[in-house]
Structures are given as C-alpha cells and as structure tokens.
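Enquirer:
Residue numbers (our numbering): 1 to 67.
(1) Give every residue of the same chain whose Cβ lies closer than 7 angstroms to the Cβ of residue 50, excluding the five residues on either side of it in the sequence, and list them in chain order.
(2) Only counting the same chain, and skipping five residues up and downstream in sequence, which positions put a Cβ closer than 8 angstroms to that of residue 31?
(3) So is residue 53 buried or exposed if we call it buried at 16+ other beta carbons inside 10 Å?
(4) Give, in chain order, every unbroken run of the beta strand (DSSP E) that is at least 3 residues long and sits entirely within the region 5-48.
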C-alpha cells in the first residue's frame, strides 16, 4: 500500500512538472510571437495594433515574473 501511494505521488509530481514545462514553453512562444507582431505593427505604422500588442506583452511579462 505504501509503495502504491509513493508511486501515485511520484506520478502526480511528474505530471505537475510536465505541465509547468509546457506552460513555460507556450508562454515563451506567445512572447516571441508578440515581439514579432509588434515589429510588424511598427513597420507598417499601425499604432493601434502596436499599443494593443505592447499592452498584452507587458501583461504577459508581468505574469512571467510572478510565476
């Protein structure tokens, strides 16, 4: 029974770790995409998109610091 509990705990821990890694990879991808889209907005002179995307980027970066 104790071995079974330990296995469950390790499995749960591994699942949580995998979820954390995936979350970080997805967040980093989103950040890179925002940088790219912000560059495009600057290149085309689209101020509204630039402001919207930089606000989104700042929120995402603030969340990344907390986590």
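By construction, the Cβ of each residue, glycine as well, lies at the ideal position given by its N, Cα and C atoms.
Expert: In short, the structure shows the following:
(1) Spatial neighbours of residue 50 in its own chain (CB-CB distance under 7 angstroms, excluding positions within 5 residues in sequence) are listed in chain order as 38, 41 and 42.
(2) 57, 60, 61 and 64
(3) buried
(4) none
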